[in-house]
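Just so we're aligned, residue 1 is where the sequence shown starts under the numbering used here, counting upward by one.
Virtual Cβ for every residue (Gly too), placed ideally from N, Cα, C.
Notes follow once the structure below has been shown.
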Amino acid sequence: MKNAEERTQIQLADVTPELPQQTEFYKIPARFGNIPVDEAPLGFEVVTRPAETKVTKFEHAYPKIILPFQEVNRIKFGHSDKFEPTNLFPDGANRLFFGDNLHIMRQLPSNSIDLIYIDPPFFSGRNYNVIFGDKNEMRSFSDIWEDGMPGYLIWLNARLYEMKRLLKNTGSIYVHLDWHASHYVKVEMDKIFGYKNFQNEIVWYYKSGGATKERFSRKHDILLLYTKSFNWIFNPQKEKSYMMHKYGFKKSDFQIDKETGLQYSMVYAKDVWEIPSVGSATSERIGYPTQKPEPLLEKLILASTNEGDIVADFFGGGGTTASVAQRLNRRWLTSDQSRIAVSVIMDRLTKVSEGQMFEVPDFTVEHCGIYEVPKLEQYSEQHFREFVIKCYGGQKYDDSSDLHGTRQGVPLYVGSPSRNSVITKDDVAKFAKAIFEIKHTHTGTMLGWNFDQTAKKAAEILKARENVRVDFVRLELVRLEDDAFKAHITEKHEDYKDLLSFIQPPEIKVNIVKIGKLTYRFDVSESVSLNPDGKIANVQWDFNYNGKRFRSTDKYNYLRDKKGNPILIVEYEFPKPGEKLIACSVQDNQGGEKTEILKLDVK
Ligand SMILES: C[S@@+](CC[C@H](N)C(=O)[O-])C[C@H]1O[C@@H](n2cnc3c(N)ncnc32)[C@H](O)[C@@H]1O
1 MKNAEERTQI QLADVTPELP QQTEFYKIPA RFGNIPVDEA PLGFEVVTRP
51 AETKVTKFEH AYPKIILPFQ EVNRIKFGHS DKFEPTNLFP DGANRLFFGD
101 NLHIMRQLPS NSIDLIYIDP PFFSGRNYNV IFGDKNEMRS FSDIWEDGMP
151 GYLIWLNARL YEMKRLLKNT GSIYVHLDWH ASHYVKVEMD KIFGYKNFQN
201 EIVWYYKSGG ATKERFSRKH DILLLYTKSF NWIFNPQKEK SYMMHKYGFK
251 KSDFQIDKET GLQYSMVYAK DVWEIPSVGS ATSERIGYPT QKPEPLLEKL
301 ILASTNEGDI VADFFGGGGT TASVAQRLNR RWLTSDQSRI AVSVIMDRLT
351 KVSEGQMFEV PDFTVEHCGI YEVPKLEQYS EQHFREFVIK CYGGQKYDDS
401 SDLHGTRQGV PLYVGSPSRN SVITKDDVAK FAKAIFEIKH THTGTMLGWN
451 FDQTAKKAAE ILKARENVRV DFVRLELVRL EDDAFKAHIT EKHEDYKDLL
501 SFIQPPEIKV NIVKIGKLTY RFDVSESVSL NPDGKIANVQ WDFNYNGKRF
551 RSTDKYNYLR DKKGNPILIV EYEFPKPGEK LIACSVQDNQ GGEKTEILKL
601 DVK
């Protein structure tokens, strides 16, 4: 089984996709004279000085950084031996990521995905799109909006460009938008995927409530369908057509609809889809704003993939895509920058996976950029060192000397995983000897949770007597205030200042009060986040925990009061008396998550 580190070794050697050659399409008739036309998508190039552009492939806007994946959870279904490790699924398991999708996608292998569906924020204004309000979400919006369409398009283009690289040559992508930005995004996707690879503008007509008198009611969204090449997977779908009944067309193969008694015939599906949105009464509703209906994802997954194919959704939200992909026996990977969304998705995928008649692979929950300290402390020395060196932007050494890696030619030493571990004068002496004898250099950096006074003293003596400079970098508990540690991230982009952080899971305190026969009140309002500016952001309950997998009890996975605040006190009536196992999963707004298991003798 590959460890998290080996998993990320698979990346970056990959090809970067070229933009399609479409000079004909963008050609200006000669008689119009020399009018500048930019064939490159917004943000692909940067004007370095008048009349000079530099192709940076979005890296000036979003510099490339490599942050390791930290596996924080694995949901097992007992068939993992049936699913071979691959570059995309290093240990055969489907993958649920927590973090910013751009930095996650950049570490995944090219030409590896059959279908990508995304439902990104719609450029419909900041507040509408802030769903959970957790730190990562707020950060992500802060760099998108800046209130201008270009900023939004550059943010989306950088991600669409990576998605093109990830698609197999026979792959397709559906981008879900509405009137706010779809026309602008179409123009950009023509530049990234090629005008000739545009297949459909699908109208999703959703008939939900609310009408306006100032204009026609806006009751449809747009899905732009592009393929990566001229050779793509498409399984034509058939649908009922009542044209004959409506307009008296004579057709031999008509049938009678049992529900309506109307005559209909089966025709190839068109690009206008009438599918109800997820209403309050809909069984699939998980209370997650902007949740899309499963029939919508069913239609496009059945059309553009076959069983066993790979489906990805990098704006996971409530997990609709991954959930439908799982139900239709497709492999999946999905991500979200909100830890609450990741917990909602984990819960939903556990339930849908358990309900399948076919063997399903495990799935992992992996963090990228925001790392759980307790889990890090469980790492092996070697794994922890590799992890810290990667976060520090260095390269590891394979041998087991006292030199663990290097960054820009400076040798690195990493202390032990335990948060209470202390680097002492002996460690400093060993390291100084190694950099002097092995690397013939006079400077080195030691990274550790704690350094004692003897270590500092030893470094001062080394400096004064041997002119050997040993710098200390502390791995802070929460945000890495240690500038030296963060510099390699923020030096690339000021906005990246919050992209790398170490977090603690929340401290959960559950007060249980019997309020009636088989009925109890569960109060977690005394639970606290252990992260700076942290607050409890979501609580999920499993009142019938099976000791193996958390599956929230219906309607207890995303509870909000009228103001949208998380509900921290709930009541539950158990179906019958007896000893019960209860699981309570709590997320804070800094990415912290913890699940507490309780025993209760229900009376
Ligand atoms: C409109 S919702 C998706 C809803 C989803 N289709 C469903 O059916 O539940 C968009 C999601 O994208 C996530 N998101 C926004 N920017 C992101 C980013 N840069 N990386 C990862 N997720 C992001 C938000 O947290 C939000 O959950």
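By a C-beta neighbour count over all protein chains shown, 10 Å radius and 16 as the cutoff for buried, is residue i buried or exposed?
i           : result
residue 94  : buried
residue 602 : buried
residue 324 : buried
residue 337 : buried
residue 359 : exposed
residue 344 : buried
residue 280 : exposed
residue 583 : buried
residue 2   : Per-residue confidence for residue 2 stands at a pLDDT of 42, beneath the threshold of 50, marking its modelled position as unreliable; the derived number appears in the next sentence. With fewer than 16 Cβ atoms within 10 Å of its Cβ, residue 2 is classed as exposed.
residue 79  : exposed
residue 9   : Low confidence applies here, because residue 9 scores a pLDDT of 42, under 50, leaving its location unreliable; read the following figure in that light. Under this definition residue 9 is an exposed residue.
residue 341 : buried
residue 161 : buried
residue 590 : buried
residue 49  : exposed
At a threshold of 6 Å, does residue i count as lining ligand 3 (C-beta to nearest heavy atom)?
i           : result
residue 315 : The model depicted lacks ligand 3 and carries ligand 1 instead.
Are the Cβ atoms of residue i and residue j separated by less than 7 Å?
i           : j           : result
residue 553 : residue 542 : yes
residue 539 : residue 586 : yes
residue 222 : residue 277 : no
residue 423 : residue 464 : no
residue 203 : residue 272 : yes
residue 237 : residue 303 : yes
residue 334 : residue 96  : yes
residue 545 : residue 70  : no
residue 613 : residue 512 : Beyond the ends of the chain as shown, which are 1 and 603, falls residue 613; an answer cannot be given.
residue 470 : residue 428 : yes
residue 274 : residue 205 : yes
residue 166 : residue 113 : yes
residue 365 : residue 73  : yes
residue 180 : residue 123 : yes
residue 440 : residue 98  : no
residue 448 : residue 394 : no
Need the endpoints of the alpha helix (DSSP H) that residue i sits in, please.
i           : result
residue 300 : 294-304
residue 342 : 339-354
residue 192 : 182-193
residue 604 : Limits of the chain in this structure are 1 at one end and 603 at the other, which puts residue 604 out of reach.
residue 436 : 425-437
residue 24  : 23-26
residue 375 : 373-377
residue 501 : Taken as a continuous stretch (DSSP letters only), residue 501 belongs to no alpha helix (DSSP H), being part of the beta strand (DSSP E) at 501-503.
residue 110 : Run containing residue 110: none; DSSP gives neither H nor E here.
residue 291 : Counting along the chain, residue 291 falls outside any alpha helix (DSSP H), and DSSP gives it neither H nor E.
residue 324 : 320-327
In the DSSP assignment, find the unbroken beta strand (DSSP E) run with residue i in it and report its ends.
i           : result
residue 241 : 238-241
residue 273 : 272-274
residue 151 : Careful: residue 151 lies outside any beta strand (DSSP E), inside the alpha helix (DSSP H) at 149-166.
residue 411 : 410-414
residue 98  : 94-98
residue 388 : Run containing residue 388: none in the beta strand (DSSP E); it sits in the alpha helix (DSSP H), 381-391.
residue 458 : Residue 458 -> not in any beta strand (DSSP E); alpha helix (DSSP H) instead, spanning 453-461.
residue 470 : 469-474
Would you mind working out which of the options sits nearest residue i, comparing C-alpha positions?
i           : options               : result
residue 435 : 515, 462, 205 and 451 : 462
residue 226 : 375, 414, 185 and 86  : 185
residue 329 : 590, 83, 457 and 316  : 83
residue 314 : 115, 50 and 523       : 115
residue 390 : 413, 378 and 374      : 413
residue 504 : 104, 331 and 533      : 533
residue 524 : 581, 571 and 265      : 571
residue 43  : 156, 569 and 29       : 156
residue 39  : 173, 48, 187 and 521  : 187
residue 381 : 406, 55, 417 and 347  : 417
residue 105 : 386, 56 and 159       : 159
residue 426 : 451, 407, 419 and 33  : 451
residue 150 : 293, 41 and 385       : 41
residue 288 : 33, 32, 208 and 557   : 557
residue 282 : 555, 55, 212 and 599  : 555
Under 8 Å by Cβ, that's how I've got residue i and residue j pegged, so tell me the actual separation to the nearest angstrom.
i           : j           : result
residue 349 : residue 322 : 6 Å
residue 168 : residue 87  : Actually they are not in contact, since the Cβ atoms of residue 168 and residue 87 sit about 12 Å apart, beyond 8 Å.
residue 192 : residue 164 : 6 Å
residue 310 : residue 331 : 5 Å
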